[in-house]
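Working notes, structure below.
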């Protein structure tokens, strides 16, 4: 049986200038000077941090002191214990990924080189070098290759490597290097599985499916051909639903065994919230003529059909942007995904799983894996398979601030095509993968690029060859227009197909005006900026540097300069924000309300509009200001909860002229939708309330909702008022039961300053452990004073304590006398000292 021995322990690391490493490699200097402990998989800069060779880059401007690391070569060294090899066995090294170029030495002798962070490679061990016992393995990672930061020239990029760590708006320059994916010693018998590729096909009527399996088999060089039996089995739990056996003769060259399995009445894989994301298991066993099992491969399999079809009412020259999944049109409620951390190679399975669970809890059906980051990990795809989250995967190509056209150089075009051919089979069997894209924001002055760009044509051809049937887009965005701006809409309303932007709050009036005027078919990237959560901000910035929180402060310039909109936040609150707590609360309020409104405005245009993917779900580096909805630590901001509410399958929302009435009456239009099933004889209720709970105006009306077709309901006429107006909307079914609700806070004057003037409100908080789940039910009851506004429920434990508190709603309002119960799920958190914190605009901190 093939043995795969993980090489994950005992590594040491040392840095070099030039080729000094070649001199040291000839010496057995395990205990020499300059070595530090290293982790594999891992990242060089993170090893330096762990060893105390660098200050914590996640604090203030310390990351500047780590920029030097990428200029050096880094020599990894470990001892490898080779077991005795039986007759017919041989050994080789397997590297799943080294970033970016590496030289491999065994007992001081160079065995080979490799270049490319996303491509796995094998290194054969010569016969005389595999004697049982201890051997020395060196892997020398070259200095990071030249590439471009965010403001640069895409045409100068010559590598297929994550651009983000070269310096981006949400990440300082910390160029990644290292053995970033697992390494192993493989001891194989007469024959072993080199690769296994599986392509599932589901019939359009879902009555039958096939699974095409290709098993690449190898024998050791110089060995005679081996008679081999390949048994392919598809399991549903413990039950075998299909299977076949083929016999092949594996010779000197790699031999491919091909099997096609037929599955009758398969259970389909459905996206999150629509149906069960059902998974089968593929088992491939390889035996020799003597009947001995020599190798085995297992992987999950799901059956579904996914196509991009034309949006309803789209211009004739537009691509299809509507996902047709198993014959059902699915609106893409989603987000943009960036690497979990700038140190890509450090495994963070708990955080990755937590973030993806938060996405699923927020009704997400699609994540766009942004082209400035990674071809994502197996663990990411496995989790998306289980959760029913579809994945839009981009190749690692991205725009730049000066030019955004990839090189036409023949060598670079060949490189991207070869990389596509190499990386696609690794993830092609995952049902969650629904779309390949050539990269992020690849465009010329004339607009987004298409397949007339040589590198995109080559990538499409390569992907179609190795992963046939998968949907494809040349870049994001696509169409005649790049940007979602009022000028673009007015100049060419039918030219906005898939668009990006804006990424900033437009102001209390202009923000609603822009999104209400939208004409796009898909918004695959847009955002609103906001400050970090309290725990992250306090860990990031020392008390003496936290104020002022604007660009006059050098620390804030380093930690999210692009997204620091302190002047707009001040203007939106009458210039009266006087401390860091007020600035944070105000900025997060604008981010949440602005992002929610953008999503709701898009959804009101369904089915002509087919998807909203805000920028960005998570962040790869802790920033003081960022467009992320979840901070680097994994704690949701109010924006996460606001978008989660907007993504609910059944919802009611308001179309309003803005968040400031300027002393004038205001007309509010209520809308409702039901994404999955019709909702007949429903009622929409809309009220305008004063902070004391009194009703200023009200309206109600019946509404019949067809599935996936939002409709306008009653109009609410709100008279001019001083202070604040709380817009309260409810959607009730035919029996009168409330099935959705929503609220908005509007200033009667020119801004939202009245939020700073609210008299105190009091609330009671009661915690009861949930039955059958590691969770708390937190009951919050209003007990006195005016409405309790902007209530935030978050984790109050020290930031370095493991795990997370995930609330079903962590940003809400309570009118006088109201109560709400929130389910808080504890994830990987020690049971001792669990603690939550409730606070709001006019509610003192309550710890529960």
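Residue numbers (the working numbering): 293 to 1140. Where a beta carbon is used, it is the ideal one built from N, C-alpha and C, also for glycine. Since we're looking at a predicted model, the values are computed, not measured.
Proximity below 8 Å, CB of residue i to CB of residue j
i: residue 1074; j: residue 1060; result: no
i: residue 390; j: residue 431; result: yes
i: residue 598; j: residue 527; result: no
i: residue 243; j: residue 362; result: Nothing about residue 243 can be reported from this structure: the residues present for the chain run from 293 to 1140 only.
i: residue 522; j: residue 578; result: yes
i: residue 730; j: residue 586; result: no
i: residue 883; j: residue 935; result: no
i: residue 1101; j: residue 1084; result: no
i: residue 787; j: residue 772; result: yes
i: residue 656; j: residue 564; result: yes
i: residue 1140; j: residue 1031; result: no
i: residue 441; j: residue 451; result: no
i: residue 976; j: residue 944; result: yes
Cβ-based burial, residue i [other Cβ within 10 Å; buried from 16]
i: residue 828; result: buried
i: residue 443; result: exposed
i: residue 293; result: exposed
i: residue 422; result: buried
i: residue 797; result: buried
i: residue 888; result: buried
i: residue 844; result: exposed
i: residue 769; result: buried
i: residue 728; result: buried
i: residue 677; result: buried
i: residue 311; result: exposed
i: residue 886; result: buried
i: residue 562; result: buried
i: residue 360; result: exposed
i: residue 1063; result: exposed
i: residue 556; result: exposed
i: residue 711; result: buried
i: residue 315; result: exposed
i: residue 401; result: exposed
Identity of the residue in the options nearest residue i by Cα
i: residue 513; options: 490, 504, 484 and 499; result: 484
i: residue 1079; options: 1070, 1105 and 1092; result: 1105
i: residue 300; options: 637, 987, 768 and 446; result: 637
i: residue 823; options: 1097, 879, 591 and 671; result: 879
i: residue 1120; options: 1018, 808, 764 and 647; result: 647
i: residue 591; options: 718, 1019, 1010 and 658; result: 718
i: residue 1043; options: 999, 412 and 868; result: 868
i: residue 641; options: 333, 683 and 556; result: 333
i: residue 1108; options: 1133, 984 and 1125; result: 984
i: residue 494; options: 524, 529 and 553; result: 553
i: residue 622; options: 1058, 707, 999 and 634; result: 999
i: residue 559; options: 713, 782, 500 and 550; result: 500
i: residue 343; options: 862, 1127 and 306; result: 306
Boundaries of the beta strand (DSSP E) in which residue i is found, first to last residue
i: residue 1102; result: From DSSP, residue 1102 is part of no beta strand (DSSP E); its letter is neither H nor E.
i: residue 617; result: 614–617
i: residue 958; result: 958–966
i: residue 1142; result: In this structure the chain extends from 293 to 1140, so residue 1142 is not present and cannot be described.
i: residue 518; result: 518–528
i: residue 907; result: No beta strand (DSSP E) holds residue 907; DSSP gives it neither H nor E.
i: residue 484; result: 484–494
i: residue 598; result: 598–601
Limits of the alpha helix (DSSP H) - the one that residue i falls within
i: residue 255; result: Because residue 255 is not part of the residues shown, which for the chain are 293 to 1140, the question remains open.
i: residue 710; result: 702–719
i: residue 779; result: 778–783
i: residue 672; result: 670–679
i: residue 892; result: 872–895
i: residue 930; result: 930–938
i: residue 746; result: 746–758
i: residue 807; result: 802–808
The ligand FMN heavy atom lying under 7 Å from the CB of residue i
i: residue 1083; result: With respect to small molecules bound, the structure shown includes none, and the ligand FMN cannot be examined in it.
*Counting Cβ pairs, one atom from each stretch, are 3 or more of them under 8 Å apart for the region 603–611 and the region 677–692?*
no
*Evaluate contact between the region 953–963 and the region 906–923, counting only Cβ atoms and requiring at least three cross-stretch pairs below 8 Å.*
no
*How about the region 920–932 and the region 895–912: do they share at least three Cβ pairs that are nearer than 8 Å?*
yes
_Contact between the region 888–907 and the region 824–840 (3+ Cβ pairs under 8 Å)_ = no
*asked:* Any contact between the region 716–726 and the region 669–678? By contact I mean 3 or more CB pairs, one from each, below 8 Å.
replied: yes
_When you compare the region 501–509 with the region 624–633, are there three or more beta-carbon pairs, one atom per stretch, that lie closer than 8 Å?_
no
*Is the number of C-beta pairs between the region 541–560 and the region 650–666 that are closer than 8 Å three or more?*
no
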